[in-house]
Amino acid sequence: MTRTREVRRYRIVDGKMDEFIDAFQRLVVPVRRKIGFEVEAAWCNRESGVFTWISAIDGSIEDYEALDRTYKKARAEYRQKVDEDTTHLHAEYPVTYFVDEEVQLPPDVDVEL
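In terms of the UniProt record's numbering, the sequence shown has 7 at position 7, counting the first letter as 1, and numbering is strictly consecutive.
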């Protein structure tokens with residue numbers, strides 16, 4: 001079976017890393033898991049202000065993107081219910097997909113979540 005991973009990197013607003021990590025753990029991870037994603041890893045580098053995380057599924061990139069659309073709808077509904085959003089805390093880097101490849105932690109990891 002093919003395994004597709006998505007790596008996302010965010011530049012976090014200065015002084016907001018702890019707030020972002022808290023929101024990520026409360027608002028992103030539970031909804032991702034409920035939809036069917038595995039959150040394989042998450043880490044930050046406080047010095048550079050970069051937060052990186054990897055989510056994955058057993059399936060193709062097309063399967064991943066279809067599940068991601070389902071996730072985005074569920075996330076919007078959940079955030080509306082709890083009246084909370086995280087978009088003011090970061091700017092997103094480009095997304096990278098890896099199919100059937102292991103992703104290694106970089107040497108500049110400050111905090112692994």
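Beta carbons: idealized from backbone N, C-alpha and C, even for Gly.
Coil, strand or helix - E40 by DSSP: Strand, per DSSP.
Alpha carbon of residue 116 to alpha carbon of I35, nearest angstrom: Lying before the first or after the last residue shown, residue 116 is absent from the chain, which here runs from 1 to 113.
Segment contact, 8 Å Cβ cut-off, at least three pairs: the segment 7-17 with the segment 25-33: no
Cβ neighbours of T57 in the same chain (closer than 8 Å, five flanking residues each side left out): The sequence as given places Ile at residue 57; Thr does not occur at that position. Only R3, T4, G36, F37, E38, D63, Y64 and L67 meet the Cβ criterion.
Other residues of its chain near E19: CB distance less than 8 Å, five sequence neighbours each side excluded: L89
CB of S55 within 8 Å of CB of E77, strictly: no
D58 in three-state terms, based on DSSP: Three-state DSSP puts D58 in a strand.
Span separating the alpha-carbon of G49 from that of M1: 36 Å
Presumed contact (8 Å Cβ cut-off) between Y71 and R32, rounded CB distance: 6 Å
R33, DSSP secondary structure in three states: helix
Extent of the continuous alpha helix (DSSP H) run through residue 117: Residue numbering for the chain in the displayed model covers 1 to 113; residue 117 lies beyond these limits and cannot be assessed.
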